[in-house]
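Participant:
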Amino acid sequence: MATSSYKRLGDQAFSKVEHINSELFMLTYGALVAQVVKDSEDAAEANRQLDQMGYNIGVRLVDEFLARSGIGKISTFRETAEIIAKVGFKMFLNVIATVGNWSGDKEYSLLFDENPLAEFVELPRDDATKALFYSNLLCGVLRGALESVSAPFHVYFFYTLLLLIRFYFIYLFICFIYSLRCSSLLV
Amino acid sequence: LSSPLLSSPLLSSPLLSSPLPPPPFPHIYLSLLQPPLLSFAPSPTPPPSPRSPPPHTSSRPSTELCERIHHSKLHCAMSGKKKSLARAVNASSVDFLHMECVRYVVESACPEEIPHTLEGLGFSVGQRLVERYTRDRPRFKDTLDIIKFVCKEFWVGLYSKQIDNLRTNHRGVYVLHDHRFRWLMSVSPEASAKGVPVVPALASRYVVFPCGLVRGALAALGVACTVSADIHKLPACSFTIKVTK
Numbered sequence: 723m724a725t726s727s728y729k730r731l732g733d734q735a736f737s738k739v740e741h742i743n744s745e746l747f748m749l750t751y752g753a754l755v756a757q758v759v760k761d762s763e764d765a766a767e768a769n770r771q772l773d774q775m776g777y778n779i780g781v782r783l784v785d786e787f788l789a790r791s792g793i794g795k796i797s798t799f800r801e802t803a804e805i806i807a808k809v810g811f812k813m814f815l816n817v818i819a820t821v822g823n824w825s826g827d828k829e830y831s832l833l834f835d836e837n838p839l840a841e842f843v844e845l846p847r848d849d850a851t852k853a854l855f856y857s858n859l860l861c862g863v864l865r866g867a868l869e870s871v872s873a874p875f876h877v878y879f880f881y882t883l884l885l886l887i888r889f890y891f892i893y894l895f896i897c898f899i900y901s902l903r904c905s906s907l908l909v
Numbered sequence: 013l014s015s016p017l018l019s020s021p022l023l024s025s026p027l028l029s030s031p032l033p034p035p036p037f038p039h040i041y042l043s044l045l046q047p048p049l050l051s052f053a054p055s056p057t058p059p060p061s062p063r064s065p066p067p068h069t070s071s072r073p074s075t076e077l078c079e080r081i082h083h084s085k086l087h088c089a090m091s092g093k094k095k096s097l098a099r100a101v102n103a104s105s106v107d108f109l110h111m112e113c114v115r116y117v118v119e120s121a122c123p124e125e126i127p128h129t130l131e132g133l134g135f136s137v138g139q140r141l142v143e144r145y146t147r148d149r150p151r152f153k154d155t156l157d158i159i160k161f162v163c164k165e166f167w168v169g170l171y172s173k174q175i176d177n178l179r180t181n182h183r184g185v186y187v188l189h190d191h192r193f194r195w196l197m198s199v200s201p202e203a204s205a206k207g208v209p210v211v212p213a214l215a216s217r218y219v220v221f222p223c224g225l226v227r228g229a230l231a232a233l234g235v236a237c238t239v240s241a242d243i244h245k246l247p248a249c250s251f252t253i254k255v256t257k
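Chains as they are written, first to last, in the working numbering: chain V, 723 to 909; chain L, 13 to 257.
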């Protein structure tokens, strides 16, 4: 299946659903992360909580995705990668990822131009928050969604100073995610 | 001796079907996630006001670093080609996120603190959100004008619909009635013994965050108040705003 056809499918799916402004979403997520961080003892615990929340969301989200996106039967793992990148993220967050860095047939990365959760966020560079993965919810969502429809995936989240988010999927085992939080502007 | 109630349905004005227009470039925004909020220290830090300017002299090195980053990003954005930040997402993403937010707070906080925490989250979000929505607007004339703004533009920005009914007694009490509240749409009524559907007690959790949103929005606009919600019949819900002097 061509990438362009998936892109078109994603656009169609997104145009069919109800839209709202993304600011509420981003600000709610920011407040939620702040609460999770306040409740947690360290960054690892906070990451785990965010991942668990994403997992719960993903388990429910996949039903809506399958119902509304019009995806047919998928035969290969490569196709799932394209579908997640073009249709899945487009339908829910209005961003598109590119799939790349295939290693073998079981590991790949999703690259984003911008982080849809972190438009207004500026995190301090403390030692404590350096280990925090702000967008860890996305990992959980992917993990939950994929686990509901197929074999379990593990998703891990790393932080680098790159201007991209990269998801590496290792089929059945480990996914790595590199991310940068986009910054806000300050008066 | 009942106080006069004014009923003013807001169904006549057309719904805003498109998302809010993007703010003009270059943008200058208040920092929306202040550094002290993300501290892991057990002692509670005082919540910073979003309107206060960033401290120019700070003892913490992280804050200085933040300021440097802020200034550099501001410079980049002013000169660069950053596209508009206002973008649409799927409304169900927000629904899922809110459900998960409620679940997390319910499971992690003690029962007495749940409404306080959830409302606090809504308060901070509402404060920041209303600053985005009132950007290019002329000054509000009075409190009723502010409440009407909340009923129309703010509610549309949140739930893609306006408040269906606004009542006031002109003495600082406003009742906002929503016939189909979005976050209650997926809550099903329990069947009681008589066969009449009854509102489950847990449904009240899902309106605490919106109360906080409204309270935060009004606080940022200069109206100190308390907001409470009543659910009489799913999915309709009414929010009562009591302005405190």
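Just so you know, even glycine gets a beta-carbon here, dropped at the ideal spot from N, CA and C.
Where does the unbroken alpha helix (DSSP H) through Leu864/V begin, and where does it stop?
Facilitator: 858-871
Participant: Taking 7 angstroms as the CB-CB limit, is Ser250/L close to chain V?
Facilitator: no
Participant: Along the chain, where does the alpha helix (DSSP H) containing Ile158/L start, and where does it finish?
Facilitator: Element bounds for Ile158/L: 155-161.
Participant: Hey, out of Glu143/L, Pro247/L, Gly228/L, whose CA is closest to Val239/L's CA?
Facilitator: Gly228/L
Participant: Specify the secondary structure class of Ser744/V as computed by DSSP and reduced to three states.
Facilitator: helix
Participant: Which same chain residues, not among the five before or five after Glu165/L, have their C-beta less than 7 angstroms away from its C-beta?
Facilitator: Tyr145
Participant: Assuming Gln139/L and Ala213/L are in contact, meaning their beta carbons sit under 8 angstroms apart, how far apart are those beta carbons, in whole angstroms?
Facilitator: The Cβ separation is near 29 angstroms, so there is no contact.
Participant: By how many angstroms is the C-alpha of Thr252/L removed from the C-alpha of Gly752/V?
Facilitator: Rounded to whole angstroms, Gly752/V to Thr252/L spans 27 angstroms at the Cα level.
Participant: Below 8 angstroms on the Cβ atoms is my contact criterion, and I expect Tyr218/L with Leu196/L to pass it. Report the Cβ-Cβ distance as a whole number of Å.
Facilitator: Taking the Cβ atoms as the reference, Tyr218/L lies roughly 6 angstroms from Leu196/L, within the contact range of under 8 angstroms.
Participant: Compute the Euclidean distance between the alpha carbons of Glu124/L and Leu860/V, then round it to the nearest angstrom.
Facilitator: Their Cα atoms are separated by approximately 31 angstroms.
Participant: Alpha carbons only, please: which of Lys153/L, Lys160/L, Asp242/L is nearest the one belonging to Phe193/L?
Facilitator: Ranking the options by Cα distance to Phe193/L, first place goes to Asp242/L.
Participant: Roughly how far, in whole angstroms, is the beta-carbon of Ala103/L from the beta-carbon of Glu740/V, given that I think they are within contact range, below 8 angstroms?
Facilitator: 4 angstroms
Participant: Cβ closer than 7 angstroms: which chain V residues qualify as neighbours of Phe108/L?
Facilitator: Ile779, Arg782, Leu783
Participant: Just to check, is the beta-carbon of Leu854/V closer than 6 angstroms to a non-hydrogen atom of the ligand NAD?
Facilitator: In terms of ligand content, the structure shown is empty, and the ligand NAD therefore cannot be addressed.
Participant: Using the C-alpha atoms, what's the distance from Ile126/L back to Val118/L?
Facilitator: CA-CA distance, Val118/L to Ile126/L, rounds to 6 angstroms.
Participant: For Asn769/V, would you say it is in contact with chain L, using Cβ-to-Cβ distances shorter than 7 angstroms as the test?
Facilitator: Asn769/V does not count as touching chain L.
Participant: So with CB distances below 9 angstroms, who are the chain L contacts of Val739/V?
Facilitator: Asn102, Ala103, Ser104
Participant: Within 10 angstroms of the Cβ of Ser791/V, are there 16 or more other Cβ atoms? Answer buried if so, exposed if not.
Facilitator: buried
Participant: Quick check: the Cα distance between Tyr171/L and Asn743/V, rounded to an integer number of angstroms?
Facilitator: 10 angstroms
Participant: Helix, strand or coil: how does DSSP classify Asp761/V here?
Facilitator: DSSP places Asp761/V in helix when its eight states are reduced to three.
Participant: Return the CA-CA distance between Val199/L and Ser216/L, expressed in angstroms with no decimal places.
Facilitator: Between the C-alpha atoms of Val199/L and Ser216/L there is a straight-line separation of about 10 angstroms.
Participant: Measure the CB-CB distance between Ile175/L and Val235/L and report whether it falls below 7 angstroms.
Facilitator: no
Participant: Which whole-angstrom value describes the C-beta separation of Gly224/L and Phe135/L, a residue pair presumed to lie in contact below a C-beta threshold of 8 angstroms?
Facilitator: 4 angstroms
Participant: Which class does Ser74/L belong to by DSSP, given the choice of helix, strand or coil?
Facilitator: Reliability of the predicted coordinates at Ser74/L is poor, the pLDDT of 43 falling under 50, and no value is obtained from them.
Participant: Just the chain A side, please: which residues come within less than 8 angstroms of Asn837/V by C-beta, in chain order?
Facilitator: In the structure shown, chain A cannot be found, because the protein chains are V and L.
Participant: Decide if the region 779-795 of chain V is in contact with the region 730-740 of chain V; the criterion is three or more beta carbon pairs, one per stretch, under 8 angstroms apart.
Facilitator: yes
Participant: Please work out which residues of its chain come closer than 7 angstroms, Cβ to Cβ, to Gly132/L, disregarding the five sequence neighbours upstream and downstream, and give them in chain order.
Facilitator: Gly224
Participant: Within this structure, are the beta carbons of Cys113/L and Leu754/V separated by less than 7 angstroms?
Facilitator: yes
Participant: Measure the alpha-carbon distance for Gly826/V versus Arg800/V and round it to whole angstroms.
Facilitator: 11 angstroms
Participant: For Arg99/L, count neighbouring Cβ atoms within 10 angstroms of its own Cβ and tell me buried if that reaches 16, exposed if not.
Facilitator: buried
Participant: Give the DSSP bridge partners of Ala121/L, in chain order.
Facilitator: DSSP, once it has assigned bridges, lists no residue as partnering Ala121/L.
Participant: Kindly list, in the order they appear in chain L, the residues whose Cβ is closer than 7 angstroms to that of Ser870/V.
Facilitator: Going along chain L, no residue has its Cβ under 7 angstroms from Ser870/V, so there is no contact; the nearest lies around 14 angstroms.
Participant: With DSSP as the reference, identify every bridge partner of Ile253/L, one or two as the case may be.
Facilitator: Tyr186/L, Val239/L
Participant: Given Thr256/L, which residues of its chain have a CB within under 7 angstroms of its CB, disregarding the five upstream and five downstream residues?
Facilitator: Ala236, Cys237, Thr238
Participant: Can you give the Cα-Cα distance for Arg183/L and Leu156/L, rounded to whole angstroms?
Facilitator: 11 angstroms
Participant: Under 7 angstroms Cβ-Cβ, which residues of chain L neighbour Ser744/V?
Facilitator: Arg99, Ala100, Val101
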